[in-house]
Amino acid sequence: MFNNLTRDILRELHFPQDGDDRFQIPTESSISRKLGVSFSRVSRRMREMRESGLIPERLSMTINTVYVGISKFITMGIAPKEVARTMEEIMRRNPPRFVESFYRVNTGPPHNSNLVVMEIINDERNLRDNFEFLTLKFPGFQVLEEMTVKVSPESIKPSNEYEAKVLSNLRIQGSLERRILKALWEDTSSTVPAITDKVYPRGKMMNHNKKYRTVKRILDAMVRLRAFWFFPTINSSYLDDCTMFSLTVLLGSRDRRETLRILKELLKDEYVMFRDYYSEMIPMGCIYHSRREYEHILEKIRKEGLEFVVYEDFNGFTTGNWPLE
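For our numbering, add 268 to where a residue sits in the sequence shown, where the first one is 1.
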């Protein structure tokens with residue numbers, strides 16, 4: 269059953285959030301402290317959420333593409349339902365290297381089609397080749413090229429020389445900073461000691477405590493710079509007593525942090541997920557229990573004068589493709 273504790277746990281599984289300035293993976297213990305709920309209740313509920321299929325064992329991760337010198341695009345397309353389902357199956361098993369995430373949106377009757385939304389990581393010059401690949405591999409899929417947008421995560425100015433050095437090294441292939449990112453990508457539950465063992469070649473002459481402190485210092489700097497984000501992938505098909513919908517607020521000239529604060533307050537009972545990294549938009553996932561409640565939620569947003577796009581019935585996931593090959 270989806271309850272307030274489930275909702276609050278999903279929110280706390282996002283990292284980093286406002287106020288986070290050091291590396292600390294969300295754990296049952298840390299979530300228990302933040303929510304003021306007993307460890308046993310949080311642990312039991314998280315186990316139930318995983319066993320039910322609502323969330324996987326590990327968090328998903330995305331990196332700040334601006335810092336590593338690559339580009340990300342959100343593209344949309346239309347496909348017959350059968351083709352869209354085939355695309356989803358293949359994206360889960362063997363996705364193209366350039367696809368970071370995939371979402372299938374049910375447009376409902378009388379339409380016999382699905383809207384497909386993908387996050388693509390590639391050079392802009394290769395986008396048309398990506399589109400051609402997708403349309404050839406999935407006959408019936410039509411890319412809506414005019415709706416493709418380039419998205420850029422927020423860039424944060426380094427506050428000291430060390431952060432500036434970390435930022436510079438993130439652009440260098442094979443750097444310690446990139447090896448740390450990849451170790452996290454491969455296992456978002458990794459502890460600092462585990463990451464340290466992965467990123468330092470065996471036999472390299474350095475005191476282990478010094479290696480640990482170096483990795484921890486880099487991770488803390490990455491958190492402050494927002495070089496990466498963790499978030500739970502929610503399988504909305506496992507929600508049995510409520511429905512999840514996708515809400516994307518378009519920022520325009522609005523301040524991103526202030527708008528996110530307003531949205532969190534406005535949707536304090538309904539939102540379960542958000543993406544705190546696009547500079548142009550704020551995607552959120554919200555739940556509702558009745559049509560009347562759904563319409564009330566949208567009306568609250570309209571009254572704030574916010575521009576938004578909403579999809580009622582969707583499901584999606586990250587592909588797990590490491591973007592820096």
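Quick reminder that beta carbons are idealized off the backbone N, C-alpha and C, glycines included. The structure displayed is predicted, hence computed values, not measured ones.
In the three-state scheme derived from DSSP, where H, G and I count as helix and E and B as strand, Tyr430 is classed as helix. 9 Å or more divides the Cβ of Glu368 from the Cβ of Lys349.
Contact annotation, Val491 with Val460: C-beta distance approximately 12 Å; criterion of less than 8 Å not satisfied. Here Cys554 is bridged, per DSSP, to Phe513, Tyr539. With respect to the 9 Å criterion, Thr516 and Phe370 are not classified as neighbours on the basis of their beta carbons. Beta-bridge pairing by DSSP links Arg372 to Val384, Asn583. Put simply, the backbone Cα of Glu422 is about 31 Å away from that of His564.
At the C-beta level, Met355 and Val384 come within 9 Å of one another.
Judged by their CB atoms, Cys510 and Phe270 are nearer to each other than the 9 Å cut-off. Along the length of the region 291 to 325, whole alpha helix (DSSP H) runs at least 4 residues long occupy 296 to 303, 307 to 320, reported in chain order. Of the candidates Met329, Arg525, Arg559, the residue whose Cα lies closest to the Cα of Lys450 is Met329. Across the set Glu572, Gly321, Glu400, Ile550, the C-alpha of Gly321 shows the shortest separation from the C-alpha of Leu507. As far as DSSP is concerned, Ser457 takes part in no beta bridge. Sixteen is the threshold: since fewer than 16 other Cβ atoms of the shown chains lie within 10 Å of the Cβ of Tyr430, the residue is exposed.
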